[in-house]
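Asker: Numbering (my numbering), first residue to last: 447 to 709.
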């Protein structure tokens, strides 16, 4: 029996990309999934696009916030509370994927694997490819991400993830839902929380990687990493510093289930 995958799409003002995102999910060759669409009080025409999918048999929930939450992770938690699947895929609303994404990643989920991710093709607003996720990681991993692998999560953490966010795009990942209760949710992080989130999950089993570029990671003017304000860079540095402190605690053998302090 194939496991059910809960696909969570948290959207805010991505109407321009939303149809392509949802269509790429509904076009999957893997059939056992439910789709949960969350809108965080968008001010564009996102709602019109979302409503066009109401009634699709894969769409399990459509939820509109009356007020903007201001928190990506609160939307993740809302989606997780609705999810019935054994595996979770948080498909960010401005990215898209190949039709074989889920089938390929699910094929790697046996034998104690708790997290699977794939290579990402990096594209611009017009779907023009200009890089990929191995470039972002090449200074650390060399040729490691050119081939599929399955490795012990602790080895993955110590060799790679403790130094840089190897899982560089959330849309490229599926993870086991049952492990969410075993980690600390990075609610107070605005920029680097995904690094801490996936680092904790990687310690709870094996990590698998698919070297095919099945995920298309969109970089555009409104992407957080491309907004070049001094305040955001300062916040990024603060969060990075705080996360590294937690990783030092992990390395000392004090456990991964850490209380996340405010800075």
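The beta carbon of each residue, even a glycine, is placed where N, CA and C say it ideally should be.
What first and last residue would you give for the alpha helix (DSSP H) that runs through residue 549?
Answerer: For the purposes of this step, residue 549 is taken as residue 103 along the chain shown, with counting starting at 1. Its alpha helix (DSSP H) spans residues 547-552.
Asker: With C-beta atoms as the reference, is residue 725 less than 8 Å away from residue 632?
Answerer: Because the chain is modelled from 447 through 709, residue 725 falls outside the range shown and cannot be assessed.
Asker: Report the rounded CA-to-CA distance for residue 471 versus residue 544, giving the unit in angstroms.
Answerer: Position 25 of the chain shown holds residue 471. Position 98 of the chain shown holds residue 544. About 9 Å.
Asker: Going by other Cβ atoms of all chains shown within 10 Å of its Cβ, with 16 needed for buried, is residue 661 buried or exposed?
Answerer: Position 215 of the chain shown holds residue 661. With 16 or more other Cβ atoms within 10 Å, it is buried.
Asker: Quick check on this structure: which residue in 504, 508, 503 has the alpha carbon closest to the alpha carbon of residue 495?
Answerer: To locate residue 495, count along the chain shown from 1; it is residue 49. Comparing Cα-Cα distances from residue 495 to each of 504, 508, 503, the minimum goes to 508.
Asker: Taking just the CA atoms, how far does residue 679 sit from residue 672?
Answerer: As a position in the chain shown, residue 672 is number 226, starting the count at 1. As a position in the chain shown, residue 679 is number 233, starting the count at 1. Any reading at residue 672 needs caution, since the residue's pLDDT is 49, under 50, leaving its predicted position unreliable; the model's value is listed next. Distance between the alpha carbons of residue 672 and residue 679 is about 10 Å.
Asker: Out of 485, 621, 594, which one is the CA nearest neighbour of residue 656?
Answerer: Here residue 656 corresponds to residue number 210 of the chain shown, with the count starting at 1. Residue 594 is the option with its Cα nearest to residue 656.
Asker: Considering Cα atoms alone, identify which of 575, 605, 560 is closest to residue 567.
Answerer: Counted from its first residue, the chain shown places residue 567 at position 121. For the residues 575, 605, 560, the minimum Cα distance to residue 567 belongs to 575.
Asker: Per DSSP, what kind of secondary structure is residue 654 in: helix, strand or coil?
Answerer: Mapped onto the chain shown, residue 654 falls at position 208. Residue 654 falls in the strand class under three-state DSSP.
Asker: Measure how close the beta-carbons of residue 637 and residue 681 come, nearest whole angstrom, since I'm counting them as under 8 Å.
Answerer: To locate residue 637, count along the chain shown from 1; it is residue 191. To locate residue 681, count along the chain shown from 1; it is residue 235. Indeed they touch by this definition, with Cβ atoms about 6 Å apart.
Asker: What's the gap between the Cα of residue 441 and the Cα of residue 479?
Answerer: This structure does not reach residue 441, given that the chain is present from 447 up to 709, and the question cannot be answered.
Asker: Residue 497: buried (16+ other C-beta within 10 angstroms of its C-beta) or exposed?
Answerer: Counting from 1 along the chain shown, the entry for residue 497 is found at position 51. Exposed, because fewer than 16 other Cβ atoms sit within 10 Å of the Cβ of residue 497.
Asker: Are the CB atoms of residue 623 and residue 532 within a distance shorter than 8 Å?
Answerer: Here residue 532 refers to the residue found at position 86 when the chain shown is read from its first residue. Here residue 623 refers to the residue found at position 177 when the chain shown is read from its first residue. Cβ distance < 8 Å, so residue 532 and residue 623 count as in contact.
Asker: When DSSP labels each residue in this structure, what does residue 452 get in the three-state scheme?
Answerer: Within the chain shown, numbered from 1, the residue matching residue 452 stands at position 6. The answer is strand: DSSP assigns residue 452 an E or B state.
Asker: What do you reckon, are the CB atoms on residue 562 and residue 654 nearer than 8 Å?
Answerer: Residue mapping note: residue 562 aligns to position 116 of the chain shown, counting from 1. Residue mapping note: residue 654 aligns to position 208 of the chain shown, counting from 1. Yes, the Cβ-Cβ distance between residue 562 and residue 654 is below 8 Å.
Asker: With H, G and I counted as helix, E and B as strand and the rest as coil, what does DSSP make of residue 690?
Answerer: Residue 690 sits at position 244 when you count from the first residue of the chain shown. DSSP places residue 690 in helix when its eight states are reduced to three.
Asker: Quick one: measure Cβ to Cβ for residue 551 and residue 596, integer angstroms, because I've assumed they're closer than 8 Å.
Answerer: On the chain shown, residue 551 is found 105 positions in, with the first residue counted as 1. On the chain shown, residue 596 is found 150 positions in, with the first residue counted as 1. 12 Å between Cβ atoms; not a contact.
Asker: Quick check: residue 463 and residue 570, are their CB atoms within less than 8 Å of each other?
Answerer: One-based indexing of the chain shown puts residue 463 at position 17. One-based indexing of the chain shown puts residue 570 at position 124. Contact flag unset, no.
Asker: What residue from 579, 483, 454, 684 has the CA that sits closest to residue 499's CA?
Answerer: On the chain shown, residue 499 is found 53 positions in, with the first residue counted as 1. Closest by alpha carbon: 483.
Asker: Compute the Euclidean distance between the alpha carbons of residue 610 and residue 554, then round it to the nearest angstrom.
Answerer: On the chain shown, residue 610 is found 164 positions in, with the first residue counted as 1. On the chain shown, residue 554 is found 108 positions in, with the first residue counted as 1. So the two alpha carbons sit approximately 23 Å from each other.
Asker: Give, in chain order, every unbroken run of the alpha helix (DSSP H) that is at least 4 residues long and sits entirely within the segment 451-533.
Answerer: Runs of the alpha helix (DSSP H) inside the segment 451-533: 461-472, 492-497, 518-528.
Asker: Once the 5 residues before and after residue 465 are set aside, which same chain residues still bring their CB inside 6 Å of it?
Answerer: As a working note, residue 465 is residue 19 in the chain shown. Closer than 6 Å at Cβ, skipping near neighbours: 495.
Asker: For the beta strand (DSSP E) that residue 561 lies in, which residues bound it at each end?
Answerer: For the purposes of this step, residue 561 is taken as residue 115 along the chain shown, with counting starting at 1. Looking at the DSSP string, the run of the beta strand (DSSP E) that includes residue 561 is 559-569.
Asker: Since I believe residue 457 is in contact with residue 488 (beta carbons under 8 Å), could you give me their beta-carbon distance rounded to a whole number of angstroms?
Answerer: Here residue 488 refers to the residue found at position 42 of the chain shown. Here residue 457 refers to the residue found at position 11 of the chain shown. The Cβ separation is near 6 Å, so the contact holds.
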